[in-house]
Structures are given as C-alpha cells and as structure tokens.
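Sequences listed follow chains D and H, in order. If you want this note's numbering, it's the 1-based position in the first sequence plus 1. If you want this note's numbering, it's the 1-based position in the second sequence plus 12. Backbone N, C-alpha and C fix where the C-beta goes; we use that ideal spot for every residue, glycine too. What follows is a short report on a single structure.
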Amino acid sequence: NAGVTQTPKFQVLKTGQSMTLQCAQDMNHEYMSWYRQDPGMGLRLIHYSVGAGITDQGEVPNGYNVSRSTTEDFPLRLLSAAPSQTSVYFCASSYSGYTEAFFGQGTRLTVV
Amino acid sequence: AQTVTQSQPEMSVQEAETVTLSCTYDTSESDYYLFWYKQPPSRQMILVIRQEAYKQQNATENRFSVNFQKAAKSFSLKISDSQLGDAAMYFCAYRPFGSNYKLTFGKGTLLTVNP
C-alpha cells in the first residue's frame with residue numbers, strides 16, 4: 002500500500018515554463034487536495050476535489066490548474082511558472098469529510 | 013473565514029521533559045475537527061493526534077495529549093517524556109465537520125529537543 006505518491010520530489014523550472022505535478026493515491030479516497038508550504042506561512046490550500054470530475058478552488062488558486070478524471074489521480078498544472086510559485090507542494094487525500102488527511106512526501110519546486 | 017494561530021514560532025525542551033505547544037483558532041462553526049501534524053526534516057506530514065469538537069474528553073496518543081478548551085477556542089499539544097525524535101515542525105490544523113475537505117493550518121512551531 003503506497004499511500005499518496007507525488008512525483009517529482011524536486012524540480013527546477015525557468016520562468017514561463019509549464020509543468021505538471023503528479024499525485025496518485027491507492028486508498029480509494031474521494032477527497033484530494035493540493036497545498037503549498039512557504040516559510041513562515043504554514044500550508045495553504047490551492048485546489049481540492051471531492052470526487053472524480055469535481056474540483057474547486059482553495060485559498061491560493063491563481064496560477065494553478067487541476068482536473069480529476071479518476072479517483073486515483075489529481076495532477077496540479079502550472080501553466081506559466083513564476084518565481085512566486087517557488088514552494089514545497091503537498092498533495093493530500095482523505096476517505097471522507099470526517100477522516101484525517103494523508104499526505105504525500107512533497108515536491109520542492111524552484112522557479113528561476 | 014476560519015483562522016488558526018500558533019503563537020510560538022520556536023520552542024525547545026530538554027530530553028525527557030514535558031513541553032506544551034499552543035494553538036488557538038477562530039470559527040463560527042459548532043462542530044469541527046482539530047489536528048496536530050508533525051513535520052520532521054524528511055518533510056513528511058505525520059498526523060500526531062486528532063480531536064472531535066463534540067467530544068469533551070481530551071484526546072491522547074501515547075506521550076501526546078491535548079488540552080481542548082472549546083469555549084476558549086484553544087487546542088494545545090502536550091508532549092511528555094520528550095525524545096530526540098520529537099524534534100520537528102508541528103502544525104495545528106482545523107477542519108469543519110463534514111466539510112468538502114478544507115484543512116486550515118497554523119504557521120507552525122519548530123520544536124527543538126536538547127539532549
């Protein structure tokens with residue numbers, strides 16, 4: 002049971018480049034979400050999904066796109082990377098709205 | 013909007029001693045969950061303990077316990093018999109009951125354990 006798997010673990014992008022952060026879970030969880038962690042800011046919610054085909058914005062959605070075509074996968078897309086998107090990104094999943102979140106190992110993204 | 017405040021950016025404790033990390037939150041909801049997550053240098057987010065707001069009894073997990081004061085909107089974490097492996101960043105988090113999944117985190121407290 003792998004839990005929540007994020008790839009890649011590290012990434013360096015140039016300003017304006019696009020990329021997709023991958024997130025997959027094998028626990029059949031309906032709820033998935035993306036957070037970014039910045040020094041002194043804690044974790045802030047970017048986007049979340051309550052099931053396949055259903056997504057919504059969190060606290061800091063600008064510059065990010067998501068889709069949820071399957072229960073297992075919830076990719077996060079950066080269409081045109083900016084230095085302000087340098088951060089550590091976490092994907093999390095939860096069985097329901099009543100249970101705790103399980104987190105992936107995080108992706109450290111640097112935009113130069 | 014809900015907010016979570018951790019007023020101690022850093023704390024330190026001697027090995028085998030007890031330390032308490034503070035957390036306060038603001039919400040108009042009556043039912044919700046509160047969590048403490050631990051983030052060691054490996055970056056992994058690890059659930060330490062959870063508390064349901066409708067339960068009056070404070071949650072405990074081995075050496076970890078909470079002091080949940082609903083009226084004061086306070087949720088502190090007590091670590092007893094501190095170990096070197098407890099050194100980490102600790103985050104307090106809030107989640108409304110049955111929500112469409114939105115965790116609100118505090119900014120974290122960095123705990124150092126001195127041998």
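Contact under 8 Å by Cβ, residue i with residue j
i: D/L77; j: D/L14; result: no
i: D/S88; j: D/D57; result: no
i: D/Q12; j: D/L110; result: yes
i: H/T121; j: H/S86; result: no
i: D/Y99; j: D/E31; result: no
i: D/D27; j: D/A3; result: yes
i: D/S50; j: D/V67; result: yes
i: H/F109; j: H/E41; result: yes
i: H/L46; j: D/A102; result: no
i: D/T71; j: D/N29; result: no
Other residues of its chain near residue i: CB distance less than 6 Å, five sequence neighbours each side excluded
i: H/T32; result: S88 and K90
i: D/E60; result: R45 and L46
i: D/D74; result: A25
i: D/G107; result: V89 and F91
Nearest-angstrom beta carbon gap, residue j and residue i [assumed within contact, 8 Å]
i: H/T124; j: H/A99; result: 6 Å
i: D/G43; j: H/F117; result: 4 Å
i: H/L59; j: H/Y44; result: Contact doesn't hold; Cβ gap of about 16 Å is too wide.
i: D/Y36; j: D/A93; result: 7 Å
i: H/M101; j: H/Q56; result: That pair is no contact at about 11 Å.
Cβ-based neighbour list, residue i, same chain, cut-off 7 Å, excluding 5 preceding and 5 following
i: H/R75; result: I91, S92 and D93
i: D/G64; result: L79, A83 and Q86
i: H/S34; result: Q18, S19, Q20 and S88
i: D/P9; result: T108
i: H/K82; result: A65
i: H/P24; result: This sequence places Ser at residue 24 of chain H; Pro is not what is there. Within the same chain, H/S24 has close Cβ partners T124 and N126.
i: H/Q14; result: Y37, D38, T39, Y106 and T116
Residues that DSSP places opposite residue i in a beta bridge
i: H/M101; result: H/Q51 and H/L122
i: D/S95; result: D/Y32
i: H/N79; result: H/S88
i: H/P108; result: H/Y44
i: D/I47; result: D/I47 pairs with nothing; no bridge assigned.
i: H/S24; result: H/T124
i: H/Q63; result: H/L46
i: D/F75; result: Note: D/F75 sits in no beta bridge, so no partner.
i: H/V16; result: H/Y37
i: D/V67; result: D/L77
i: D/Q25; result: Per the sequence shown, the amino acid found at residue 25 of chain D is Ala instead of Gln. D/A25 pairs with D/T6 and D/D74.
i: D/V143; result: Lying before the first or after the last residue shown, residue 143 of chain D is absent from chain D, which here runs from 2 to 113.
i: H/E73; result: H/F76
i: D/D39; result: D/G43
i: D/G52; result: D/I55
i: D/M20; result: D/L79
i: D/T108; result: D/Y90
Sequence-distant residues of the same chain with beta carbon closer than 8 Å to residue i, five excluded per side
i: H/E27; result: S94, Q95, L96, V125, N126 and P127
i: D/I55; result: R69
i: H/T30; result: K90, I91, S92, D93 and S94
i: D/V113; result: V13, L14, K15, T16 and P84
Problem set entry | the region 15-22 of chain H touching the region 55-66 of chain H, judged by at least three CB pairs closer than 8 Å | No: fewer than three Cβ pairs fall under 8 Å.
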